[in-house]
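Asker:
Residue numbers (our numbering): 5 to 347.
(1) Under the DSSP definition of a beta bridge, which residues are partnered with residue 287?
(2) Pick helix, strand or coil for residue 35, following the three-state DSSP scheme.
(3) By the 10 Å Cβ neighbour count, where 16 or more other Cβ atoms means buried, how is residue 147 classified, buried or exposed?
(4) In the DSSP assignment, what residue or residues form a beta bridge with residue 325?
(5) Whole alpha helix (DSSP H) runs in the region 139-226 with 4 or more residues, listed along the chain?
(6) Pick out the complete alpha helix (DSSP H) segments inside the region 38-72, 4 residues or longer, and give them in chain order.
(7) Report the CB separation of residue 226 from residue 156 in whole angstroms; it is logged as a contact under 8 Å.
(8) So, residue 97 versus residue 63, is the Cβ gap smaller than 7 Å?
(9) What first and last residue would you give for the beta strand (DSSP E) that runs through residue 300?
(10) Taking only beta-carbon atoms, is residue 246 less than 7 Å away from chain D?
(11) Do you know offhand how far residue 295's Cα is from residue 284's?
(12) Within 10 angstroms of the Cβ of residue 60, are there 16 or more other Cβ atoms? Answer buried if so, exposed if not.
(13) In three-state DSSP terms, what is residue 238?
(14) Per the contact definition of three or more C-beta pairs closer than 8 Å, is the region 209-218 in contact with the region 40-48?
(15) DSSP state of residue 99, grouped into three classes?
(16) Taking a contact to mean a Cβ-Cβ separation below 7 Å, would you say residue 238 touches residue 316 in this structure?
(17) Just checking my contact of residue 122 with residue 112 at CB under 8 Å: how many whole Å lie between their CB atoms?
(18) Check each candidate in 179, 108, 136, 220 and name the one with the smallest Cα separation from residue 192.
(19) Give me the residue from 254, 47, 328 with the minimum Cα distance to residue 304.
(20) How many angstroms separate the CA atom of residue 136 from the CA atom of residue 312?
(21) Between 134, 65, 160, which has its C-alpha nearest residue 169's C-alpha?
(22) With a 10 Å radius around its C-beta and 16 neighbouring C-beta atoms as the bar for buried, classify residue 201 as buried or exposed.
(23) Starting from the N-terminal side, write out each stretch of the beta strand (DSSP E) that is 3 residues or longer and does not extend beyond the region 248-274.
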């Protein structure tokens, strides 16, 4: 089986018309690779276009505030990607006058750039023969070649990268890498792959051994933790509310939120504990916005969220005017509430 030539021939005929495939400019390739990690293309494309429109060069991105970057990123999740993106843009501008490193090793030294992203940029922009390994690549290689090593096992990356490197097209490694990822995204899908029309059907180990649903192998995931969040949505007599910036480490670091009381289970809040928690001079009433909690599912935790409407007196300088709420970056679950709630 000539895996490489088959794959590239397929790619040239079936690849999607995507904006980052029309350039070898490192900034745009880097932006697309960071943005599309953990994000479907149909969701990420609009974000990519907005970012390029707002920050057409790495200099524009570097000169923006972190809040501006996080606000534009809002809804993509995994916000550490946005914070690292901004940090690296500033580093590239300050230390390289806006010019990215031009090789895998130096790219790998930049914050937020791991083996996958460094390999992608190096191969696509600089024609360096570095194979990429992402979820699509794990899936295609494990099925076609019958690799049963769990993809989340120690040493899996090294093993799969060696297989990808063996088949890499040295003349155009960037095209090969994109072809392998594209094939995994369009044909060799996690669920219901299109095996009947697969170009590797005759040689695919998984197909011929009835193991398509069993490969790739992945060991059991970390147990999901349930958490119970109670957000206090303060409505003051001077048309202000309270939003706090999360400074602690975590996925929502540097995003804003309403004051939060976390409980061990779904429990009603009492006006006394709300008064003690908020330390607001005057609280008139507190009521539950909706009896049914919003369940926000993250990779290792499920957040059961309830919003409590708290009417208070004048907040003065301690509050944020209702008109300014939507300017601040917030987790998507709070954004959805803000959009639907009439402040």
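Cβ coordinates follow ideal geometry from the N, Cα and C atoms, glycine included.
Answerer: Short version:
(1) Counting from 1 along the chain shown, the entry for residue 287 is found at position 283. For residue 287, which the question treats as bridged, DSSP gives the partners 316.
(2) Start at 1 with the first residue of the chain shown, and residue 35 comes out as number 31. Note: residue 35 maps to helix in three-state DSSP.
(3) Position 143 of the chain shown, counted from the first residue, corresponds to residue 147. Residue 147 is buried by the Cβ-count criterion.
(4) Walking along the chain shown from the start, residue 325 turns up at place 321. According to DSSP, which records beta bridges pairwise, residue 325 is partnered with 244.
(5) Entirely contained in the region 139-226, the alpha helix (DSSP H) runs reaching 4 residues are, in chain order, 139-149, 160-171, 177-190, 209-212.
(6) Counting only runs of 4 or more, we get 45-58, 62-67.
(7) In the chain shown, the residue the question calls residue 226 occupies position 222. In the chain shown, the residue the question calls residue 156 occupies position 152. Contact between residue 226 and residue 156 is ruled out by a C-beta separation of about 10 Å, above the 8 Å threshold.
(8) Position 93 of the chain shown, counted from the first residue, corresponds to residue 97. Position 59 of the chain shown, counted from the first residue, corresponds to residue 63. Residue 63 sits close to residue 97, with the two beta carbons spaced by under 7 Å.
(9) The residue given as residue 300 occupies position 296 in the chain shown. Start and end: 298-301.
(10) Here there is only one protein chain, and chain D is not present.
(11) Counting from 1 along the chain shown, the entry for residue 295 is found at position 291. Counting from 1 along the chain shown, the entry for residue 284 is found at position 280. Spanning the alpha carbons of residue 295 and residue 284 requires a straight line of approximately 25 Å.
(12) The residue you call residue 60 lines up with position 56 of the chain shown. So residue 60 ends up on the exposed side.
(13) As a working note, residue 238 is residue 234 in the chain shown. In this structure, residue 238 counts as strand in the three-state DSSP scheme.
(14) The count of Cβ pairs closer than 8 Å, one atom from the region 40-48 and one from the region 209-218, stays below three, leaving the stretches out of contact.
(15) Residue 99 sits at position 95 when you count from the first residue of the chain shown. In this structure, residue 99 counts as helix in the three-state DSSP scheme.
(16) For the purposes of this step, residue 238 is identified with residue 234 of the chain shown, where counting begins at 1. For the purposes of this step, residue 316 is identified with residue 312 of the chain shown, where counting begins at 1. For the 7 Å CB-CB criterion, residue 238 and residue 316 form a contact.
(17) Position 118 of the chain shown, counted from the start, is the residue given in the question as residue 122. Position 108 of the chain shown, counted from the start, is the residue given in the question as residue 112. So it is a contact: roughly 4 Å between Cβ atoms.
(18) Within the chain shown, numbered from 1, the residue matching residue 192 stands at position 188. With distances taken between Cα atoms, residue 192 lies closest to 220.
(19) Translated into the one-based positions of the chain shown, residue 304 becomes position 300. Nearest to residue 304 by alpha-carbon distance, out of 254, 47, 328, is 254.
(20) Here residue 136 corresponds to residue number 132 of the chain shown, with the count starting at 1. Here residue 312 corresponds to residue number 308 of the chain shown, with the count starting at 1. It is roughly 47 Å from the alpha-carbon of residue 136 to the alpha-carbon of residue 312.
(21) Locating residue 169 in the chain shown gives position 165, where the first residue counts as 1. Between residue 169 and the set 134, 65, 160, the nearest pair of CA atoms involves 134.
(22) Taking the chain shown and counting its residues from 1, the one referred to as residue 201 is at position 197. Classified as exposed, residue 201 has fewer than 16 neighbouring CB atoms from the shown chains inside 10 Å of its CB.
(23) Counting only unbroken stretches of 3 or more residues, the beta strand (DSSP E) elements lying wholly within the region 248-274 are 264-267, in sequence order.
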